[in-house]
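**Student:**
Number of protein chains: 2
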Amino acid sequence: MSATVHPLPGATRPPSIEPLMQLVAPELNSVNEIILARMQSDVAVIPALAGHLISGGGKRLRPMLTLASARLVGYEGARHHRLSAAVEFIHTATLLHDDVVDGSGQRRGKKAANLIWGNEATVLVGDFLFSRAFELMVEDGSLRVLKILSSASAVIAQGEVDQLQTQRRIDTTEDRYLGVITAKTAVLFAAACQIAGVVAESTEGAIESLEAYGRNLGIAFQLVDDAIDYGGDAETMGKDAGDDFREGKLTLPVILAYKRGDDAARTFWRNAIQEGRTDEEDFARACTYMQDVGAIDDTLQRARHYGSLALDAIADFPAGAAKEALSETVRFAISRAY
Amino acid sequence: MSATVHPLPGATRPPSIEPLMQLVAPELNSVNEIILARMQSDVAVIPALAGHLISGGGKRLRPMLTLASARLVGYEGARHHRLSAAVEFIHTATLLHDDVVDGSGQRRGKKAANLIWGNEATVLVGDFLFSRAFELMVEDGSLRVLKILSSASAVIAQGEVDQLQTQRRIDTTEDRYLGVITAKTAVLFAAACQIAGVVAESTEGAIESLEAYGRNLGIAFQLVDDAIDYGGDAETMGKDAGDDFREGKLTLPVILAYKRGDDAARTFWRNAIQEGRTDEEDFARACTYMQDVGAIDDTLQRARHYGSLALDAIADFPAGAAKEALSETVRFAISRAY
């Protein structure tokens, strides 16, 4: 298994998110200022709780994608700063609600907000950030951006509910799973990129390309995250390896391992996912079953497929720092942690 | 204590919400169609869970206020149908999240959604409805309406968090409490009325008057609800009497009873609210302490004050069925249940 798909000639360093970070660093400061200013409230627990997640450990991946996409299409204004803050607020709101839903103990390497402030405040601060996101969009005034992000938010919520339904259903198909992660993750990546094209008043073709880039990158990121959960370390992923397994989450590695497994393997997976038999010993066995049938390798292979689609989506844009950074981000996404 | 503030000459029936319902009945059917159509989803649990609350027992008070306000300002279009569906979705989303936050067993006389479908799905379906609300507003395309309702949503969430903070603080002031219920309840009533003036392109003065009507009506409604919790019956209120007490909620009757109480009463209230000593016997004692110092009567007196403000806010509008229905709604709000 190769660690990279499109290696640079003579490259010696592994793919990195550094070029993206360097490209957008000055503008990201403006975005961060907006984020910090707009998460304030007279109700002190709101900035405290929101800041726990927003200030701590977040990579600002989605805002960075908006900023880099704007550079890719030659936009020179600043409208997208406020909009990328809105995207980050939507993302943070869904993470806060996820924490309540998942009951996961860690988030970005820190204690989950709901374990510190309780489920109640966590739900409500999520609602607050979500509302603030729409206030920021309304201030910008683009109905098309509002349409993209309100629709994305509805799709995300649907995807989350859908995943809740499949949570302990071992017979979830790969297609259905792809639908869930597209809704849960990829749609907001897509929107983050697409809105840059909208504010830049790019051609419809360019806007579509940005959407496709973000969507495929998002799927690739999620699939690699799913694989890392069965073999990465907590430091790399900002959550504990095995979290998905312990929560009985149907992810692609499990779907493939179950589908390809023999009777013993299938019984094991049913017990684990449907009955919740997921102690440390079970987790070790799960990893072995996955290796036996190549479930992790092939999940990563699927991720590389979507990575290729993302790279092709922006192939027509002119060469330059933005295109290179966005391409390197894809290579980074699909080569992490293994 | 009089049951009504502005009795009709020779009126024999108690004030009722009937005139409002009759005024808007045909248009409310259109709104209901939009609501039912837009809460659909391929994910079956979404319409099931949303429908539990939306189809069951809801009076559609906020949509009715939008419809009646539009009539008051002479609007003849249909844009407000979609927008009042959006208001109802925002309201329903906050109720679903409230159920998770409050842990109350009943809502509108039915089992709360989270007890049937779990906290997780309840949070997420709330998010879905909230997103759908914004989609509906975006379809309408008024940035001013979007601004009013995104701002209202942020204020509601802040008010909910604020209330969570005051939940067991016996020294909450009446002013602070008024801030909480304005944010939690009155701001959405105000927005529901105000947006009718916006789509009708009414004068700024008329739009302000509608806002003031809705806000003061909302405060009056909430104060009477607070009073009923210490003396109404489950059928009238759609939740159990004593719910607020058992959850240690600081409402105005408690604030007044504590402030006016002697040492024994204050010790009782501290034990009840701060320590959670709230069994059936405690509840009976709470009601007695309140009667002793007139806490219920004076909460209702406060409600009548805000009711008067609501009536005065629309005094300049021409007489007619809409004005009569909106006025009667105020009289209904402040004369319920006692």
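Here the protein sequences come in this chain order: A and B.
Position one of the first sequence corresponds to residue 239 (the working numbering), numbered consecutively onward.
Position one of the second sequence corresponds to residue 239 (the working numbering), numbered consecutively onward.
Note that the Cβ used here is the ideal one computed from N, Cα and C, for glycine as well.
Using the beta-carbon of each residue, which ones in chain A are nearer than 8 Å to Lys487/B?
**Tutor:** Sequence index remark: in the second sequence, residue 487/B carries index 249 (1-based). Residues of chain A passing the Cβ test: none, with the nearest at roughly 13 Å.
**Student:** For a cutoff of 7 Å on Cβ pairs, would you count Asp378/A as touching chain B?
**Tutor:** By 1-based counting over the first sequence, the position of residue 378/A is 140. Closer than 7 Å: no.
**Student:** Could you tell me how far apart the beta carbons of Leu387/B and Met375/B are, in whole angstroms, since I believe they sit closer than 8 Å?
**Tutor:** Translated into positions along the second sequence, residue 387/B becomes position 149. Translated into positions along the second sequence, residue 375/B becomes position 137. Contact flag correct, Cβ pair sits at about 6 Å.
**Student:** Does the beta carbon of Leu381/A come closer than 7 Å to any beta carbon on chain B?
**Tutor:** Position 143 of the first sequence, counted from the first residue, corresponds to residue 381/A. Yes - at least one Cβ of chain B is within 7 Å of the one on Leu381/A.
**Student:** Could you have a look at Lys349/A and say whether DSSP puts it in helix, strand or coil?
**Tutor:** Along the first sequence, one-based indexing puts residue 349/A at 111. The answer is strand: DSSP assigns Lys349/A an E or B state.
**Student:** Could you tell me which chain A residues have their CB closer than 8 Å to the CB of His335/B, listed as they occur along the chain?
**Tutor:** Within the second sequence, numbered from 1, the residue matching residue 335/B stands at position 97. Near His335/B (Cβ distances below 8 Å), the residues of chain A are Val361, Leu362, Asp365.
**Student:** Does the beta carbon of Phe427/A sit closer than 7 Å to a beta carbon anywhere in chain B?
**Tutor:** Locating residue 427/A in the first sequence gives position 189, counting from the first residue. No, Phe427/A lies away from the interface with chain B (no Cβ there is under 7 Å from its Cβ).
**Student:** Secondary structure at Lys297/A, three-state DSSP: helix, strand or coil?
**Tutor:** Looking up residue 297/A in the first sequence gives position 59. Of the three classes helix, strand and coil, the one that applies to Lys297/A here is coil, per DSSP.
**Student:** Quick one: what does DSSP say Phe427/B is sitting in, helix, strand or coil?
**Tutor:** Here the question's residue 427/B lines up with position 189 in the second sequence. It is helical.
**Student:** Select from Ser369/A, Leu384/A, Ile354/A, Val399/A the residue whose C-alpha is nearest the C-alpha of Asp336/A.
**Tutor:** The residue given as residue 336/A occupies position 98 in the first sequence. Comparing Cα positions, the closest option is Val399/A.
**Student:** How is the alpha helix (DSSP H) around Lys561/A delimited, first residue to last?
**Tutor:** Your numbering for residue 561/A matches position 323 in the first sequence. Run containing Lys561/A: 559-571, per the alpha helix (DSSP H) assignment.
**Student:** Hey, would you say Phe599/A sits closer than 7 Å to Ala286/A, going by beta carbons?
**Tutor:** This structure cannot speak to residue 599/A, because chain A is shown only from 239 to 576.
**Student:** Starting from Tyr544/A, trace the alpha helix (DSSP H) in both directions and tell me its first and last residue.
**Tutor:** As a position in the first sequence, residue 544/A is number 306, starting the count at 1. Start and end: 533-551.
**Student:** List the residues of chain A that Ser389/B touches, going by C-beta distances under 7 Å, in chain order.
**Tutor:** The sequence position of residue 389/B within the second sequence is 151, counting from 1. Residues of chain A passing the Cβ test: Glu373.
**Student:** With distances taken Cα to Cα, identify the nearest neighbour of Asp554/B among Glu446/B, Glu314/B, Ala359/B, Val437/B.
**Tutor:** Position 316 of the second sequence, counted from the start, is the residue given in the question as residue 554/B. Looking at the Cα atoms, Glu446/B is the closest of the given residues.
**Student:** So, is Glu519/A buried or exposed, given that buried needs 16 or more other C-beta atoms within 10 angstroms?
**Tutor:** By 1-based counting over the first sequence, the position of residue 519/A is 281. So Glu519/A ends up on the exposed side.
**Student:** When you compare only the Cα positions, how much space is there between Val418/A and Arg406/A?
**Tutor:** Indexing the first sequence from 1 puts residue 418/A at position 180. Indexing the first sequence from 1 puts residue 406/A at position 168. If you take the alpha carbons of Val418/A and Arg406/A, they lie about 14 Å apart.
**Student:** Can you tell me where the alpha helix (DSSP H) holding Arg453/B begins and where it ends?
**Tutor:** Taking the first residue of the second sequence as 1, we reach residue 453/B at position 215. From DSSP, the alpha helix (DSSP H) with Arg453/B extends over 442-466.
**Student:** Any beta carbon from chain B within less than 7 Å of Asp520/A's own beta carbon?
**Tutor:** Position 282 of the first sequence holds residue 520/A. So, not an interface residue.
**Student:** Considering only the beta carbon of each residue, do Leu549/A and Ser565/A sit closer than 7 Å?
**Tutor:** Looking up residue 549/A in the first sequence gives position 311. Looking up residue 565/A in the first sequence gives position 327. In contact: Leu549/A and Ser565/A (Cβ atoms closer than 7 Å).
**Student:** Along chain B, which residues have their Cβ under 8 Å away from the Cβ of Glu412/A?
**Tutor:** For the purposes of this step, residue 412/A is taken as residue 174 along the first sequence, with counting starting at 1. What Glu412/A touches in chain B: nothing, since even the nearest Cβ is about 18 Å away.
**Student:** Is Leu461/B closer than 7 Å to Thr537/B when the C-beta atoms are compared?
**Tutor:** Counting from 1 along the second sequence, the entry for residue 537/B is found at position 299. Counting from 1 along the second sequence, the entry for residue 461/B is found at position 223. It is a contact, given that the beta carbons lie within the stated cut-off.
**Student:** If we count Cβ pairs, one from each stretch, closer than 8 Å, do we get three or more for the segment 450-459 of chain A versus the segment 485-494 of chain A?
**Tutor:** Segments in contact, no.
**Student:** Less than 7 Å between CB atoms is the rule here; does Ser322/B satisfy it with respect to chain A?
**Tutor:** As a working mapping, residue 322/B is identified with position 84 in the second sequence. Judged by the 7 Å Cβ criterion, Ser322/B is not in contact with chain A.
**Student:** If I'm right that Val436/B touches Ser380/B with Cβ under 8 Å, what's the distance once you round it to whole angstroms?
**Tutor:** As a first step, residue 436/B is located in the second sequence; it is residue number 198 there, counting from the start. As a first step, residue 380/B is located in the second sequence; it is residue number 142 there, counting from the start. About 6 Å separates the two Cβ atoms, so the contact holds.
**Student:** Look at the Cβ atom of Ala465/B, then the Cβ atom of Ile408/B, and state whether they are nearer than 7 Å.
**Tutor:** Numbered from 1 along the second sequence, position 227 holds the residue referred to as residue 465/B. Numbered from 1 along the second sequence, position 170 holds the residue referred to as residue 408/B. It is not a contact, given that the beta carbons lie outside the stated cut-off.
**Student:** State the DSSP-derived secondary structure class of Phe506/B, mapped to helix, strand or coil.
**Tutor:** The count along the second sequence starts at 1 and reaches residue 506/B at position 268. Three-state result, Phe506/B: helix.
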